[in-house]
Structures are given as structure tokens and as C-alpha cells.
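4 protein chains.
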Amino acid sequence: MQKNVKPCYYADYLQLDKLLDAQHPESTKYGAEAHDETLFIIVHQAYELWFKQVLHEIHAILPVLSQDPVNEDQLSTVNLRIERIHRIQEVLVDQIDILETMTPLDFLDFRDYLIPASGFQSIQFKEIEILLGLKSEFRINFDKKSFYNRLNEKDRNYLLNLEEQPSLFDAVEHWLERMPFLEFGDFKFWQMYKDAVEDMLKHDEQVIKDADYLTDAEKTFQLNDLSNTRSNFDALFDKDKYQELKQQGRFRLSQEATLSALFINLYREQPMLNSPFRLLQGLIDIDEKFTTWRYRHTTMVHRMLGTKIGTGGSSGHDYLKQTTQNNRFFRDLFNLTTFLIPRSSLPELPPEVIKAVNFHL
Amino acid sequence: MQKNVKPCYYADYLQLDKLLDAQHPESTKYGAEAHDETLFIIVHQAYELWFKQVLHEIHAILPVLSQDPVNEDQLSTVNLRIERIHRIQEVLVDQIDILETMTPLDFLDFRDYLIPASGFQSIQFKEIEILLGLKSEFRINFDKKSFYNRLNEKDRNYLLNLEEQPSLFDAVEHWLERMPFLEFGDFKFWQMYKDAVEDMLKHDEQVIKDADYLTDAEKTFQLNDLSNTRSNFDALFDKDKYQELKQQGRFRLSQEATLSALFINLYREQPMLNSPFRLLQGLIDIDEKFTTWRYRHTTMVHRMLGTKIGTGGSSGHDYLKQTTQNNRFFRDLFNLTTFLIPRSSLPELPPEVIKAVNFHL
Amino acid sequence: MQKNVKPCYYADYLQLDKLLDAQHPESTKYGAEAHDETLFIIVHQAYELWFKQVLHEIHAILPVLSQDPVNEDQLSTVNLRIERIHRIQEVLVDQIDILETMTPLDFLDFRDYLIPASGFQSIQFKEIEILLGLKSEFRINFDKKSFYNRLNEKDRNYLLNLEEQPSLFDAVEHWLERMPFLEFGDFKFWQMYKDAVEDMLKHDEQVIKDADYLTDAEKTFQLNDLSNTRSNFDALFDKDKYQELKQQGRFRLSQEATLSALFINLYREQPMLNSPFRLLQGLIDIDEKFTTWRYRHTTMVHRMLGTKIGTGGSSGHDYLKQTTQNNRFFRDLFNLTTFLIPRSSLPELPPEVIKAVNFHL
Amino acid sequence: MQKNVKPCYYADYLQLDKLLDAQHPESTKYGAEAHDETLFIIVHQAYELWFKQVLHEIHAILPVLSQDPVNEDQLSTVNLRIERIHRIQEVLVDQIDILETMTPLDFLDFRDYLIPASGFQSIQFKEIEILLGLKSEFRINFDKKSFYNRLNEKDRNYLLNLEEQPSLFDAVEHWLERMPFLEFGDFKFWQMYKDAVEDMLKHDEQVIKDADYLTDAEKTFQLNDLSNTRSNFDALFDKDKYQELKQQGRFRLSQEATLSALFINLYREQPMLNSPFRLLQGLIDIDEKFTTWRYRHTTMVHRMLGTKIGTGGSSGHDYLKQTTQNNRFFRDLFNLTTFLIPRSSLPELPPEVIKAVNFHL
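Chains as they are written, first to last, in our numbering: chain X, 2 to 362; chain G, 2 to 362; chain Y, 2 to 362; chain A, 2 to 362.
Shown next as C-alpha cells:
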């Protein structure tokens with residue numbers, strides 16, 4: 002550590018001269034300051050500060066997971082950063098409660114002065130979406146158009162460029178693909194697993210057929226769903242079927258990545274799989290909290306605008322409702338649950354496989 | 002206060018002998034207790050306790066709002082009870098985080114033993130929905146069927162009977178209808194309001210036309226939306242148009258109730274309108290928190306089941322997604338925002354009207 | 002509303018060029034950037050933004066309560082602002098969870114570069130304390146010294162000057178004093194109240210004496226406490242006794258203000274007392290949340306520094322523990338509970354008193 | 002998994018007949034039901050349900066950490082259970098907000114009927130305290146007396162007996178003691194560490210002396226504190242000094258346990274130390290959340306009773322204030338921070354030591 006450290010002063014350290022001189026309501030320029038406009042500004046500035054922090058964490062995580070091979074010693078630090086992002090997200094959701102202390106009538110006092118500014122123009126927000134894994138082609142229609150209309154050329158190119166970089170989704174997929182859980186020499190794990198799956202599905206089928214509390218219509222419905230589950234399982238082990246379902250949008254991860262993620266979930270208690278398991282859980286947490294934030298945002302906008310169009314020109318809460326459903330990052334990890342089998346049916350790993358799993362890592 | 006009060010003992014007062022002897026995992030009966038099943042039981046029991054509390058509050062609110070006329074002195078107590086319900090709902094949302102500490106693999110250890118039990122069979126939950134204002138005809142299809150299949154005759158009849166009773170929605174509508182905000186003698190409030198609305202819509206139309214940052218497609222879209230808003234406003238003042246939109250499902254409250262609620266929102270600073278305004282805000286808070294809970298529940302089930310069918314036979318998170326969107330109680334109050342006009346355009350109430358407003362109450 | 006509103010752009014509106022260029026870790030200047038220093042900076046900047054918002058609300062509340070007489074029509078807006086401050090405080094508490102994602106070992110990577118900056122130098126924070134009602138003479142010793150040593154002359158004078166202005170405590174006291182609840186003509190309210198109090202204390206005394214589950218030592222202890230309560234009650238009605246207890250620090254509000262606050266609490270269901278009651282509850286909420294934040298801050302510092310001295314030179318968490326206990330704003334309002342009597346013993350207000358209460362307001 | 006699983010019904014599964022028939026307000030027996038007494042009952046019943054769940058988790062953790070040697074494969078599951086306890090605690094804190102929707106005047110409607118019942122008589126709560134590590138001799142005076150006076154003989158003996166069992170504190174201490182971080186063969190780790198500490202303390206001393214922004218009084222204060230820190234460090238390595246400080250209450254963990262915990266903190270990124278590190282963090286989280294709950298409980302009681310005595314005979318919030326400060330479980334782990342040194346000063350572990358650390362586990 003350095004000698005000759007200059008004394009540090011709070012207000013200079015935090016650059017409060019800049020930070021606290023950045024709140025200038027539009028309403029003041031047009032005659033009378035609307036009391037609640039300061040709240041509106043500060044809520045959004047707080048969001049942008051936290052977005053910067055989230056990006057700081059994502060930019061520290063990406064290099065680690067993009068290595069070839071990944072240094073598994075660094076996974077614990079990656080996990081702490083993912084958990085930090087999740088904790089920040091909790092505050093981002095709570096901040097909506099603060100904004101809701103503004104009533105629609107009070108918003109009307111200055112709303113018109115903000116047009117056409119809106120959250121669409123938050124570059125950091127789009128950066129986060131892109132770096133987590135959202136690509137233009139997945140965005141709903143309004144989003145795609147706004148991408149081009151609402152941003153200046155510099156920002157637009159910056160984001161389009163960013164889409165060309167590997168996202169967290171890509172890095173995670175790549176990390177999973179390089180795991181050695183596809184072949185175990187003589188130990189035919191995946192065959193044993195398939196057999197256990199088939200037993201479980203047969204059992205499930207029987208439970209449905211024997212269930213006298215179900216109507217015929219319901220039995221049909223549930224048997225169809227089981228048939229669906231069966232083809233998902235089949236696809237898991239068949240390259241061509243997997244590709245087909247991937248093209249339909251049922252899967253986004255590659256087949257090898259999905260199988261590795263499944264293995265990690267099934268054998269998470271192996272010491273060397275503890276951190277990989279936490280990583281997958283952490284990504285699920287982030288995705289879940291992100292969509293919860295979108296939903297909360299939707300209901301808040303419904304409250305604030307009724308059925309009117311938002312300042313950015315979208316149909317307010319309808320737009321947000323769609324993005325809530327569609328703009329997910331790690332849906333595959335949620336869906337992985339479909340492929341779990343009960344612990345009691347899980348093949349026990351022989352010592353040499355345990356050794357191989359642990360030594361690779 | 003009584004003399005001769007018998008000493009009270011904590012464990013007897015809370016009937017802990019009953020309460021703490023109600024946790025009996027199914028998995029124990031079938032061979033080996035699944036550690037996480039106790040959590041599953043206790044989470045749901047905590048929900049049922051809070052449901053009982055919410056019903057206790059609703060049952061205290063209903064009689065007050067069902068009076069004819071309502072004793073406005075009691076509104077402050079009604080508001081405290083609505084705020085209590087909202088505070089309880091916050092904990093009900095947080096409890097989902099506790100359940101999510103159970104992983105899907107752990108749920109698989111005992112999930113099969115629970116079939117076909119599920120939240121569909123929670124009578125108190127359905128009671129809350131019905132008493133807030135949800136009627137069978139509004140429920141999505143699966144809900145309707147489950148209503149009949151999953152409940153025994155006694156419970157089914159109990160709930161169907163309950164649907165015949167006035168709900169909170171009915172009581173609020175009735176209370177709003179009896180307010181004197183439709184006529185003000187010589188003061189033509191609603192005509193002045195209509196004029197202010199027309200000015201606002203003309204101004205909005207001009208803003209759209211003048212906006213060079215909008216594409217033609219966007220201008221068309223926004224002008225259409227404005228036209229939609231215009232017909233909603235027209236319907237506000239025209240009995241037949243209102244009925245038409247009501248039949249389409251655009252409104253649920255009666256026209257008089259909607260106009261009263263609008264008036265309360267516009268003139269909420271009148272001392273005697275403080276409590277009525279808080280009441281409407283409180284109902285919005287409850288509705289918003291309920292739908293947030295439904296959404297959180299959806300993502301949790303997605304996480305827990307993937308794309309599989311839930312123990313109650315529904316398509317797990319798809320079902321919940323639909324109820325999140327459809328089973329709202331006070332949507333009209335959210336949509337009321339569409340009809341607000343800026344304070345600066347609001348007609349000033351002459352003294353005799355202020356007096357009338359306050360003296361009625 | 003203005004015509005010719007210039008288009009508004011998100012990044013300009015929020016001055017993101019300033020806001021997002023204010024994060025410059027010290028560790029970078031001394032060789033190697035500590036990853037967690039950005040978090041440290043951003044957490045504190047988010048705090049400062051919210052402090053600004055809280056001050057914005059306090060500055061809007063003060064003028065209303067400082068009027069002579071207060072315009073009771075404005076109380077509902079004051080209450081919404083107090084509730085907004087409370088909602089912001091909830092996020093301020095949650096932000097501590099974000100900072101705790103930094104471990105002490107990571108803090109050690111840059112902690113030395115921050116010396117002697119610390120929260121003591123947050124002018125906005127001290128402003129909030131002063132405007133809520135904290136005066137220098139109440140501050141614990143270390144605080145007093147730091148007031149002079151850690152701030153430059155300009156800031157020090159600004160705050161000392163601010164202490165001369167009426168605080169929210171002063172304004173609330175003044176507002177309470179001007180209420181007409183001391184005399185009610187022929188209706189001897191306070192005599193009736195005193196009698197009801199005496200009955201209640203006699204009853205409480207008997208309950209203690211009859212309690213066979215209490216040891217003699219406990220009976221003595223409880224009877225002493227009752228005796229204490231009795232002198233507090235006596236002081237309530239006796240100018241000289243009240244002054245004495247006030248000098249001892251038992252009361253801070255004036256006697257008239259305390260009696261008014263008590264009356265508001267007892268008769269809060271009177272429509273015109275609804276808003277005054279909410280106001281007192283809101284101040285209690287703010288005080289409670291502030292002290293909860295101080296406590297959370299204490300445990301976080303204990304976690305982060307162990308028993309070491311903080312960057313600002315204080316004994317870290319010991320200092321914070323003291324301020325948690327001592328730096329309260331509205332302790333009187335909490336203590337008011339001591340003087341409540343059961344509703345069943347409350348004198349019923351005759352019509353002319355109800356009228357007087359309501360018409361004054 | 003079993004065949005022939007009997008259909009499971011929600012209301013039977015959760016034993017709702019028992020659970021929802023356990024709410025019987027005392028006020029009803031004495032004439033008129035107090036509306037808020039149901040809330041009071043249900044809040045406490047919800048607490049007792051969650052206490053049962055916390056005990057269920059603690060009872061699953063204890064056997065794992067009490068093994069000799071501990072099976073490190075099971076640590077990840079222990080950590081998930083600790084995190085579950087922490088998540089439950091968050092809801093326990095939030096439940097206080099629900100109880101605070103009851104005003105003191107409403108509590109007065111039924112408070113007298115509850116005497117002398119109080120939280121002192123919650124056996125589960127005391128069980129949790131004891132199993133986490135609280136022993137009678139650490140309890141403050143009032144607690145000790147109430148232990149004997151307020152409980153019946155059966156419960157008293159049950160708890161006294163429980164104190165004889167190993168608590169989580171004991172199990173953790175034992176687990177830490179058995180770690181091999183005291184000797185590393187030729188690698189004189191602790192000597193290197195001592196040298197690094199001495200350098201750091203010398204540096205800190207110089208920083209204080211050179212600090213011209215400090216007054217002489219402050220310099221003296223800080224140098225004294227440094228001297229204190231120095232003797233703590235000395236004690237770390239000297240059996241007799243450690244024992245002395247242990248007797249003074251400065252340490253509770255044994256010296257070997259403290260050294261192991263310190264090592265885990267310093268080298269937490271070693272893959273095999275990830276889970277041990279999380280375990281220590283988890284215990285800190287639980288302790289911190291417990292004391293936060295106590296503090297929240299204190300302010301709530303202050304609000305509810307003012308300065309009066311609680312139903313259980315203690316001086317209400319004063320009692321709670323003392324337990325908040327004193328009844329901590331893992332204070333040593335917080336204080337461990339005092340002994341950390343910057344990463345840059347940390348001795349690098351040679352390969353054979355890394356191997357030894359990992360292979361032991």
C-alpha cells in the first residue's frame with residue numbers, strides 16, 4: 002500500500018458538486034415548478050447509478066467465464082458478484098414504491114414537458130439487457146422500432162456493436178459446453194438416466210390413468226402434456242430433434258450446455274459442483290428478479306397513465322406487459338426443472354467418475 | 002373493563018397444542034421424511050393464517066360501506082383496515098422468497114405424495130377473491146372447471162352462495178353512486194369539465210401532429226389511441242355509449258360511480274374528500290399487490306416445475322400467468338387515470354359547491 | 002400549459018454526462034483499482050440523491066406547518082409528503098444490504114485511501130437531522146467535536162445557521178399549541194379525563210397487588226413504575242411539575258402541545274382529526290425508521306470494521322450505537338402512549354364540543 | 002417411490018380444522034370482542050409457526066457439524082439451510098410492520114386480558130436462542146428471573162436440559178478447532194502473518210501521527226485504540242493472553258477456533274474454503290438479522306406501550322434494548338474483522354500447503 006496518501010474529503014470523493022447539481026425540473030423552465038418533478042428526476046438518476054454498478058459487475062464476470070478453460074477458482078467471486086446484482090435488483094424493485102407516492106394528477110403537472118423522453122432512451126438499461134443476453138431479434142416489435150427511432154446514431158451503433166460481443170448467456174453456454182459430463186468412459190450415465198426417466202414417465206402416466214378425480218377431458222389434457230414432456234426428453238438425447246425444438250424456440254442453449262447444466266443440478270452436492278450450481282441458481286435469481294421488476298413497472302405505469310400512451314410513444318403498460326413475458330434471459334435454466342428426476346432414481350456415481358468430475362475442476 | 006380477569010398463559014392463549022401439532026409430512030407415511038416437506042407445509046399454513054386475518058378485516062369493512070347512507074365518520078377506520086390488508090400482502094409476497102429456498106430437486110422428493118392437493122382447494126383464498134369482487138363468470142376457464150371438480154359439495158355451495166352476497170366491489174360502487182357529484186345546481190361542473198377535456202385532447206392531437214421525431218406509422222398509431230381515449234371520454238357522459246363499453250368489458254363500475262370516483266380524484270384536497278380519496282388509493286394498492294403476488298407465484302412455479310403440470314392438474318405457470326392478467330378487482334380505478342385533466346385546467350369550485358360537498362359528508 | 006415545449010431527451014434531462022462521470026475510485030490513483038470501491042462510491046451517491054429528495058420534501062412541509070394559523074386544507078398533502086419520506090427511508094435501510102455484499106477483506110483493499118472522509122462530512126445528512134429537530138446540545142460528545150473539526154468553515158456556519166431556523170419539531174409543536182383543546186367552555190374535559198386516569202391507575206395498582214404470580218420484588222418494581230407513571234400524569238396537568246420534568250429531559254414538547262397531541266390521539270375518529278392524527282403517526286414512522294437505519298448502520302460497521310476505528314476517527318460501531326439511542330426526534334410522540342386510557346373510559350364529547358373541534362378546522 | 006399413494010386433500014394435509022380454529026380472543030369472553038385482538042393472536046401464531054421451521058432447520062444442521070470429523074460434502078446443504086433461516090428472519094422482521102398497524106389505543110381495548118402472558122413464555126423462541134448458543138449465564142438479569150417465574154416446571158426443565166446439549170456455537174467451535182490451519186510444516190504461516198500484522202500496525206500508527214487534521218486529543222484516542230488492537234493481536238498468538246481476554250469476555254471462541262476462522266476468511270477463494278467461508282458469513286447474517294429483529298421489536302413496544310410496563314412484567318422497551326445489545330451469538334465472527342490484513346500483505350500459500358488444505362477437506 003502506498004505511503005503519501007492525500008487526505009480524502011467526502012464531498013470531493015463523491016463529486017457532490019456534480020451529483021447534486023444535476024436536478025433541473027423542466028416545469029421550472031415553463032413557468033411553475035411541479036413539486037413532484039424532482040422526485041421523478043431523482044428516482045431515475047438513482048436507477049442510472051445502480052445500472053452503472055450492475056454493468057461494473059457484469060464486466061467483471063464476463064472475462065472470467067469467457068476464459069478457455071475457465072479458472073474454477075474464480076467461480077466463488079463470480080457468484081458473489083451475481084448475488085450482489087440480485088441484491089441491487091431488490092432495491093430497484095422497491096424504488097417503484099417510491100415513485101408510486103406520486104399520484105397521476107401530480108404527474109400531469111409536468112408530464113407533457115418530458116415528451117418524448119422515456120426509459121427507451123436509457124442506454125445503460127439496454128446495455129444490461131444486451132450483456133445479459135437479449136438480442137435484437139428477440140425483442141418485441143415496438144422495441145425494435147424504438148431502437149432505431151429514439152436513439153441518436155452514436156448510441157445506436159454503440160449498442161448494435163455491443164450485440165456482437167459475447168453476452169453472459171454466450172459465456173455461460175460456452176463454459177457449460179466445455180464440461181466433461183457427456184462421456185464417462187465405461188459408465189453409461191446418460192443411458193442410465195434415460196432409463197430412469199422412462200420409468201418416471203411410465204409411472205406418471207399410470208398415476209394419471211388411475212386418477213378417478215380427473216374428468217376424461219382432464220385426463221386427455223394431462224396425457225397430452227406428458228407426451229409433450231416425453232418429446233422434450235427425447236430431444237435432450239437426439240441431436241436432430243434438439244435442433245428442431247431449438248429452431249421452434251423451445252431451447253436456446255446448445256444441447257451440450259443443457260446436458261451439463263442438468264448434470265450440475267442433479268449432482269450439486271459434489272463439492273466441486275457447489276459453485277457451478279450456485280452460479281446457475283444465481284442466474285435464475287437475476288432473471289426472475291428482472292421480470293418481477295418489469296411486472297411491477299407495468300402495474301405502476303397502468304396506475305400512472307391508465308390506458309394512455311406513455312411519453313415515449315408506446316402503449317404504456319401494454320408494451321411493458323409484453324416485454325415482461327418475452328424478454329427473458331435464462332429461460333432454459335427454469336425449464337431445466339422439467340428434466341429432473343427424483344434423487345431416489347438418480348444413478349449413483351462410481352468413485353472414478355466422482356474423481357474425474359472433481360479433478361477436471 | 003372487567004374485574005376478575007383470569008391470568009392468561011401464552012401457550013394456551015395461542016392454542017399452541019393445536020397449532021404446533023398440525024405439521025405431518027406425507028413423505029413420513031411413505032417411508033422417509035423429506036426434509037423440505039415441513040417447509041412446504043408451514044409456508045402454506047402461514048398463508049392460511051394470514052388469509053383468515055384478511056377475511057377478518059374485509060368482514061369488518063363490508064358492513065360500513067354497505068350502510069345506507071354510509072357513516073363517513075367510519076371511513077378513517079375503514080382506511081386503516083385497508084392499509085393493514087396491504088401490509089399483510091407485502092409479507093405474503095415475501096413468503097414466496099422463503100419457499101424458493103427449496104430447490105426443484107428437493108421438491109421432487111415429496112411432490113407426488115401431494116397429488117391432487119393444490120392451492121385451488123384453498124377455500125379462504127377463493128373467499129377473499131369473491132369478497133373483493135371476483136365473480137365466476139370472470140374466471141378463466143380452468144378456474145371455472147376446478148371450481149366444480151376439486152371442491153366437495155359443501156365447500157362449493159358455500160362459495161357459490163358467497164358470490165350472491167355483496168362484495169367489496171359492490172359496496173364501493175354503491176357508496177360512490179350515492180355521492181352528490183352528479184348535479185351541482187347552477188354550477189355546470191361536468192360541462193366545464195367536458196370543455197376542459199376537449200381542450201386537452203385538441204392540444205394532445207396537435208402535439209402528435211407537430212412531432213417530427215415520430216414516423217408516420219407512429220403518428221397514426223398515436224392518433225388512433227387518442228381517438229380511443231376520446232370515445233372513452235364521450236362514454237363517460239353518455240348513458241348509452243357507457244352501457245355499450247360496459248358490455249364490452251371496458252368498464253365494470255356504473256357510470257355514476259365512475260363519475261363520483263373521478264370527482265374524488267380531482268378534488269382530493271377538499272378536507273372531506275381526503276378519506277374517500279385514500280379509500281380509492283387503498284383499493285388500488287390492494288389490487289396491485291394481489292396481482293404482483295400472482296406474478297411472483299407464477300415465476301416461482303415456473304422455477305419449481307419447469308413446464309410440467311402442477312399437483313392440481315393445471316398447466317402450472319401458464320395458468321397462473323392468465324389469472325395474473327385477468328383476475329383483477331378494481332381495474333376501473335386504475336383506468337380512471339385516463340380521465341384526469343391537469344390541475345391547471347380544473348374548474349375551481351365555487352364556495353356553495355364546496356359547502357355542499359363538505360356538508361353532505 | 003405552455004405551447005412550444007422543446008423535445009426532451011432522457012440523457013440530457015437527467016444530466017447523465019455529470020451523473021455517470023462522478024465515479025472515480027481513489028485506489029486507481031494509487032496503483033490498482035479495487036473492484037469494490039465503485040460499489041462504495043455508488044452506494045453513498047445514491048444516499049446523497051435520496052437525502053436531497055428528503056430535504057426537498059421537508060422544505061415543502063415546513064412552510065405549511067409554520068403558518069399562523071395553519072391551513073388545515075393542506076394537511077393531506079403534508080401527510081402524503083411525510084409518507085413519501087418514510088417510503089424513501091425504507092429503501093435507505095435496504096441499501097445497507099447492498100453495501101454488505103462487500104466483505105471486510107475487500108474493504109481493506111481501499112479503505113486507507115478514504116481517510117479521513119466519512120459520513121460525518123455529509124452536509125445533507127446533518128441538514129436532515131437539524132431540520133427534523135436535532136440540536137447541537139442534544140448530540141453526543143463525539144458528534145459535537147466532529148461538527149467543528151471535520152467540516153470546513155463555510156459548511157459549519159451553514160449548519161449552525163440552520164439550527165437557528167425553526168425545525169419540523171418546532172413547527173409541529175407550534176401547530177399543536179394553537180389547537181383549541183385546552184378549554185371547552187362548560188365541558189370540563191380534562192377534569193373528566195383526570196378522573197378516568199385516576200380510576201385506571203387505581204385499577205392497575207389493584208391488578209399488581211392481586212397478582213400471585215409476581216414475587217414481592219417484582220410487585221415492588223411494578224408499583225414503583227406505576228408511581229412513576231402517576232407523576233408523569235400529574236405533570237401533564239400541572240405547569241410547574243411539567244417544567245421540572247421537561248428540564249430533566251422527560252418531555253421536550255411544551256405542555257400545551259402535549260395535551261393537544263393527546264387529544265388528537267384520543268379522538269382521532271372525528272373526521273377533522275383524521276389528518277392531524279395521521280400526521281402524528283407519520284412523524285412516529287419517520288423517527289422509528291431513522292433509528293432503525295442507524296441501528297442497521299451500526300451492525301454493518303461492526304461487521305465491516307470489527308472493533309477498529311472508522312475512517313472518520315470515531316470508534317466505529319460504538320459511536321453509532323450511541324446515536325441510535327440518543328438522536329431521536331419525536332420521542333414525545335412515542336411516550337404519549339403512556340397517557341392513553343381505554344376507549345371505554347373516554348369521556349363522550351357533547352355535540353357542541355364536536356362542533357367546536359370541527360369548525361375550528 | 003411408493004405406488005398406492007392415497008389422494009391428498011389440501012385442507013386435511015394442512016390440518017386447517019385445527020389451525021383455523023385456534024383463534025379465540027379473550028376480549029370476547031369478557032363482553033365485547035376487540036377487533037384488533039385477532040390480529041394480535043394471528044401475528045404471534047405466525048411467529049410460532051416460523052419458529053418451528055427455524056428449529057427444524059437447526060436440528061438438521063447440528064448433527065452435520067457435530068460429526069467427528071465433519072463430512073465436508075454436507076457443508077453446501079448446511080449453507081442452504083442457514084440461508085433459509087436468514088430468509089425466514091427477514092419475514093419475521095417484516096411481520097412487525099403488520100403488528101404496527103394496530104394503534105396503542107386499540108391495544109388498550111384488550112391488553113389487560115392478556116396479563117401475564119408475554120413473549121417470555123414462548124418456549125420455541127428460547128429454544129432457538131439456546132440452540133444458537135445463548136446460555137443462562139449470559140442472559141441479562143430480568144431474563145434470568147423470568148426463566149424461573151414465568152415458566153411451568155416442565156418447560157423450565159426442558160430448557161435447562163437443552164442448555165446442556167451442544168449448541169450451534171459449540172458445534173461450529175468444534176468444527177473450526179479440528180481444521181489443520183495451525184501448523185503447516187516448514188511453512189511458518191502464522192509467523193509471516195504476525196510480521197505482516199506488525200507492519201500494518203506500524204503503518205497505521207504513522208498515519209495517525211502524521212494526520213494534521215487530528216487534534217492532540219483525537220491522536221491520543223486513536224493511538225490508545227491502536228494499542229488495544231495490538232494487544233488483541235498479541236492475544237491471538239499467546240495462549241495465556243488469549244485466556245485472559247477470554248475471561249474478560251473479549252473472546253468466546255477458543256483460540257484454535259479463532260485462528261481457523263481467521264484463516265478461512267483470509268483464504269476464502271481456495272475452492273475447498275468456499276463453503277466454510279459461506280458458513281461463517283451465514284452465521285454472521287443470522288446473528289445480525291436476529292439483533293435487528295430485537296431492535297425493531299424494541300421500537301414497536303416503545304410505540305405500543307410508551308414507558309409503561311409490558312404484559313409480562315418487564316420494563317417494556319428498556320428490557321428489549323438490553324437484550325438487543327447483549328444477547329448476541331456469534332460476536333467473535335464480527336470481531337474477526339479486526340484481525341484481517343490487506344490482501345496485498347497476505348502471505349502466498351505454497352503449492353504443498355494448498356494441497357494440504359484441499360486434501361484434508
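No residue lacks a Cβ here, since even glycine has one placed at the ideal position from N, Cα and C. Remember, predicted model here, so these are calculated numbers, not experimental data.
Anticipated Cβ contact below 8 Å, residue i with residue j, distance rounded
i: Thr325(G); j: Arg295(G); result: 4 Å
i: Asn328(G); j: Glu130(G); result: 7 Å
i: Ile42(Y); j: Gln54(Y); result: 19 Å between Cβ atoms; not a contact.
i: Phe194(G); j: Pro348(G); result: It is worth fixing the name first, because residue 194(G) is Tyr in this sequence and not Phe. That belief holds up - the Cβ atoms of Tyr194(G) and Pro348(G) are roughly 6 Å apart, short of 8 Å.
i: Glu174(Y); j: Leu254(Y); result: 5 Å
i: Leu106(X); j: Arg332(G); result: Their Cβ separation, rounded to whole angstroms, is 19 Å, which puts Leu106(X) and Arg332(G) out of contact at 8 Å.
i: Phe330(Y); j: Asp286(Y); result: Between Asp286(Y) and Phe330(Y) the Cβ distance is about 12 Å, and since that is not below 8 Å, they are no contact.
Contacts of residue i in chain Y (Cβ-Cβ under 8 Å)
i: Ser119(X); result: Tyr11
Three-state secondary structure (DSSP) of residue i
i: Tyr194(G); result: helix
i: Lys19(Y); result: helix
i: Lys240(G); result: helix
i: Asn153(G); result: coil
i: Pro352(X); result: helix
i: His57(A); result: helix
i: Glu89(A); result: According to the sequence shown, residue 89(A) is Ile rather than Glu. It is helical.
i: Gly186(A); result: coil
i: Pro272(X); result: helix
i: Glu101(G); result: coil
Neighbouring residues, chain X, relative to residue i (Cβ below 7 Å)
i: Tyr114(Y); result: Val6 and Cys9
i: Ala33(Y); result: Those within 7 Å of Ala33(Y) in chain X number zero; the least Cβ separation is about 10 Å.
Where residue i meets chain G, residues with beta-carbon distance less than 8 Å
i: Ile99(A); result: Arg85, Arg88, Ile89 and Val92
Distance CB(residue i)-CB(residue j) smaller than 8 Å
i: Ile99(G); j: Val65(G); result: no
i: Ile59(A); j: Leu169(A); result: yes
i: Asn275(G); j: Ser77(Y); result: yes
i: Phe252(G); j: Gly307(X); result: no
i: Leu93(A); j: Ile124(A); result: no
i: Ala61(Y); j: His298(X); result: no
Amino acids of chain X, ordered along the chain, whose beta-carbon sits closer than 8 Å to that of residue i
i: Leu20(Y); result: Lys19, Leu20, Ala23, Gln46, Glu49 and Leu50
Chain-ordered neighbours of residue i on chain G, where CB pairs are closer than 9 Å
i: Asp74(Y); result: Glu270, Gln271 and Pro272
Among the options, the one whose alpha carbon lies nearest that of residue i
i: Asp235(X); options: Ala212(X), Leu260(X), Gln223(X) and Thr221(X); result: Leu260(X)
i: Tyr10(A); options: Asn359(G), Phe188(G) and Tyr114(G); result: Tyr114(G)
i: Lys7(G); options: Asp211(Y), Lys189(Y) and Phe121(Y); result: Asp211(Y)
Within chain Y, the residues that residue i reaches when beta carbons sit closer than 7 Å
i: Gly307(A); result: Phe335, Asn336, Leu337, Thr338 and Thr339
Where residue i meets chain Y, residues with beta-carbon distance less than 9 Å
i: Glu289(A); result: Glu101, Arg297, Thr300, Met301, His303 and Arg304
i: Tyr1(G); result: Nothing in the structure corresponds to residue 1(G), since chain G is present only between 2 and 362.
Chain A contact residues for residue i, given Cβ-Cβ distances below 9 Å
i: Ala258(Y); result: Neighbours of Ala258(Y) on chain A: none; closest Cβ ~16 Å, over 9 Å.
Contacts that residue i makes with chain G (C-beta to C-beta distance below 7 Å)
i: Thr78(Y); result: Glu270
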